[in-house]
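To start, the structure itself, in structure tokens.
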Amino acid sequence: MKIQPFNQPPPALGNQYTQDRVLRSYLQRVLPSEMLESIESELEELGELSGDEWYKMQLADRLNDPVLTQWNPWGERIDHIEVSDVWKMAEKEAARRGIVATAYENKHGDLSRIHQFALAYLFAPSTDIYLCPLAMTDGAAHTLQQIGNQELIDIAVSHLTSRDPDSFWTSGQWMTESTGGSDVGQTETVAKQDEDGTWRLYGRKWFTSAVTAQMALTLARPVGNGPGGRGLAMFFVELRDEDGNLQNISVNRLKDKLGTRKVPTAELTLDGAPAKLVLGTDNGTRHIAPMLNITRVWNSVAAVSLMNRGLALARDFAKRRKAFGAMLNEKPLHVDTLASMQAEFEAAFHLTFRAVQLLGKKEQETITDAEHQLLRLLTPIVKLTTGKQAVQLASEVLEAFGGAGYVEDTGLPILLRDSQVLPIWEGTTNVLSLDTLRAMRETNGLEPIQVELQRCCDSLQDPTLVALAKTTVDSFSAANTWLMESMGQASELEGGARRFAMTLGRCLSLALLLEHAQWAIDQNDDRLPLYAAQRYEAAGINQIRNLSSDAAFALANA
447 MKIQPFNQPP
457 PALGNQYTQD
467 RVLRSYLQRV
477 LPSEMLESIE
487 SELEELGELS
497 GDEWYKMQLA
507 DRLNDPVLTQ
517 WNPWGERIDH
527 IEVSDVWKMA
537 EKEAARRGIV
547 ATAYENKHGD
557 LSRIHQFALA
567 YLFAPSTDIY
577 LCPLAMTDGA
587 AHTLQQIGNQ
597 ELIDIAVSHL
607 TSRDPDSFWT
617 SGQWMTESTG
627 GSDVGQTETV
637 AKQDEDGTWR
647 LYGRKWFTSA
657 VTAQMALTLA
667 RPVGNGPGGR
677 GLAMFFVELR
687 DEDGNLQNIS
697 VNRLKDKLGT
707 RKVPTAELTL
717 DGAPAKLVLG
727 TDNGTRHIAP
737 MLNITRVWNS
747 VAAVSLMNRG
757 LALARDFAKR
767 RKAFGAMLNE
777 KPLHVDTLAS
787 MQAEFEAAFH
797 LTFRAVQLLG
807 KKEQETITDA
817 EHQLLRLLTP
827 IVKLTTGKQA
837 VQLASEVLEA
847 FGGAGYVEDT
857 GLPILLRDSQ
867 VLPIWEGTTN
877 VLSLDTLRAM
887 RETNGLEPIQ
897 VELQRCCDSL
907 QDPTLVALAK
917 TTVDSFSAAN
927 TWLMESMGQA
937 SELEGGARRF
947 AMTLGRCLSL
957 ALLLEHAQWA
967 IDQNDDRLPL
977 YAAQRYEAAG
987 INQIRNLSSD
997 AAFALANA
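Under my numbering, the sequence shown has 673 at position 227, and the numbering climbs by one with no breaks.
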């Protein structure tokens, strides 16, 4: 007797723009109707590709990781890296569709960044973290323009912001060394000048995620400079000569990583690589900060993009999977789980795109002093908050598929593995928590956040939303009280910095979600954002705890 086994239909994706209620609603609120109308066709086209052709290509290309060939058959060192088919496609499509260029073409003034990152958000999940080189490319263009080194602007910026795939460049950002990732003050790479004035770099870069790029910005210590970050300088490096050969750069190996495996992350040795000073022979860590601020925003956009992709797959699967007599989308507990995941995503989305909005205003000099201070505080807070949310949500997504979520050839585990980079890249949660404390010294303490919370709360009229807003006020007050009580106690302040920063992030997320919920109710009586706000608030906003640092040291070192 032959039994025909049941085969579970896999999840499928539709148009990732037209099916994205959160993105479409947000753009309707913040963009003038004529602007939205002018860009909507490209968003729809990108959404269709992301949910169909590119997604299928991504699944088919799942096993094709980058390959490093160090030697040719005749013994010559070539260090050639062959990237995946998806990455080859993504490089061309990123250029054609202006995923970087849109911000610099400035067709929509201070709203151009919202346009750009809406494109990036749709582009990201089906292109195997190609957002990584795009983030560094955007960061390099922004940094060179802000510093104003005209020689380097003339060499690079038109390439970094090009829509022509044949002239488009990507950029690397080479900072991490064995001595430390976030603690770049320990950088061992040195810079020496030849007799003709050419700078050359010597050292090992332990973790570089853009060795296939045409250029990089990097840190090195000019000979004779003192220790620490102040003794470093920022350099511009063109990786290859006119014949396409690496210029005194050797690729030691590609990193065997948990996730982002399509990203050809390499360990490099610089043995006299020619370089150009970007700005002065010291204070390189300060000069490269504009690049980090840009890439941290990209990190946050990647986080909400991957969160949305996981949810889209989980929602579709719930309509296809029958268990215990009913479809999963009819089971109250499964529905409750999906709803809570959706609430986390919506809060993260509005927090992220508030930072995007402020970035656009800053670049066009339409930002107020209070908004400028808010952006300084918001950048580390948004990155640390959304990075942790992305990992937690990806784990829940896999669980929503049961055993299929744990099987590699479904393409689902990559969501968790790739999300795990987000709390690590461009500063871990702890490093960004400390950066939040540093930022407060530049921004009148917590006043910018208090003003932002008040702005959001003042927009509320619906009684349910007003009641929910009390949680933001109370949680912010708890954070502020803890800060005041911890000042002067260095160990307590540092020990609680993560809980403090996370509370601020969740406060702001809830307030911004409430603001959008009021607009949605006023616009067309849409109460879905309100439901999301209720669930997000119920998950907990205040992370402040009065825990002894002495006890923490004892417990951690037991």
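Ideal placement from N, C-alpha and C gives every residue a C-beta, glycine not left out.
- The alpha-carbon separation between Pro579 and Ala979 amounts to approximately 34 Å.
- Sequence-distant partners of Leu492 (beyond 5 residues in either direction) whose C-beta falls short of 7 Å from its own C-beta, in its chain, are Tyr463, Arg543, Leu565, Leu568 and Phe569.
- Of the other Cβ atoms in all chains shown, fewer than 16 fall within 10 Å of the Cβ of Gly670; this residue is therefore exposed.
- If you compare the alpha carbons of Ala966, Ala915 and Gln896 with that of Ala925, the shortest gap goes to Gln896.
- For Pro579, no beta strand (DSSP E) segment is defined; the enclosing uninterrupted segment is the alpha helix (DSSP H) at Leu577 to Ile593.
- In the same chain as Arg767, and ignoring 5 residues on each side of it, the C-beta atoms closer than 6 Å to its own belong to Leu774, in chain order.
- The alpha carbon of Glu490 has as its nearest neighbour, out of Asp466, Tyr472, Val476 and Asn510, the alpha carbon of Asp466.
- Scanning Lys553, Thr949, Val877 and Ala966 for the CA closest to the CA of Asp629 turns up Val877.
- Assignment of alpha helix (DSSP H) within the segment 491-530, counting only whole runs of 4 or more residues, yields 499-506 in chain order.
- The C-alpha of Val781 lies about 15 Å from the C-alpha of Leu974.
- The beta carbon of Glu898 lies closer than 6 Å to those of Leu820 in the same chain, with the five residues before and after it left out.
- Using a Cβ distance threshold of 7 Å, Glu872 and Met787 do not count as a contacting pair.
- Taking the C-beta atoms as reference points, Ala836 is found nearer than 7 Å to Ser865.
- Taking C-alpha positions only, Ala735 is separated from Leu663 by approximately 12 Å.
- In the structure shown, Met933 falls within a coil segment according to DSSP collapsed to helix, strand and coil.
- In terms of Cα proximity to Thr727, the closest of Pro778, Asn739 and Ala666 is Ala666.
- Secondary structure at Val877: helix, using DSSP grouped into helix, strand and coil.
- Proximity to Glu597 across Asn992, Leu906, Asp968 and Ala721 peaks at Ala721, based on C-alpha coordinates.
- In the three-state reduction of the DSSP assignment, Phe847 falls in the coil class, being assigned neither a helical nor a strand state.
- CA-to-CA, the gap between Glu790 and Leu797 works out to about 11 Å.
- Going by beta carbons, Trp744 and Ala581 fall inside the 7 Å limit.
- When the five nearest sequence neighbours on each side are left out, the beta carbons in the same chain lying within less than 7 Å of the beta carbon of Leu960 are those of Cys902, Leu906, Leu911, Leu914, Ala915 and Ala979, in order along the chain.
- Restricted to the segment 923-977, the alpha helix (DSSP H) segments that are unbroken, complete and at least 4 residues in length are 936-941 and 943-970, listed in chain order.
- A direct Cα-to-Cα measurement between Met753 and Glu811 gives close to 32 Å.
- In this structure the segment 637-645 does not lie against the segment 754-763, because fewer than three pairs of beta carbons, one per stretch, are closer than 8 Å.
- Taking a C-beta distance under 7 Å as the contact criterion, Leu883 and Ala957 do not qualify as a contact pair.
- Less than 7 Å separates the beta-carbon of Met503 from that of Val532.
- Here Asp908 is near Ile967, since their CB atoms are less than 7 Å apart.
- When rounded, the separation of the alpha-carbon atoms in Leu804 and Ile545 is 19 Å.
- Nearest to Arg863 by C-alpha distance, out of Lys701, Ala547 and Arg707, is Arg707.
- Only buried fits Glu623, as 16 or more other CB atoms lie within 10 angstroms of its CB.
- Between Leu700 and Leu514, the C-beta gap is smaller than 7 Å, which places the two residues in contact.
- Under DSSP, Thr910 takes part in no beta bridge, so it has no partner.
- As for any beta strand (DSSP E) of minimum length 3 sitting wholly inside the segment 636-699, the runs are 636-639, 645-654, 661-668 and 679-684, ordered along the chain.
- Under the three-pair Cβ rule at 8 Å, the segment 611-625 counts as touching the segment 646-660.
- In the three-state reduction of the DSSP assignment, Ala721 falls in the strand class, which pools E and B.
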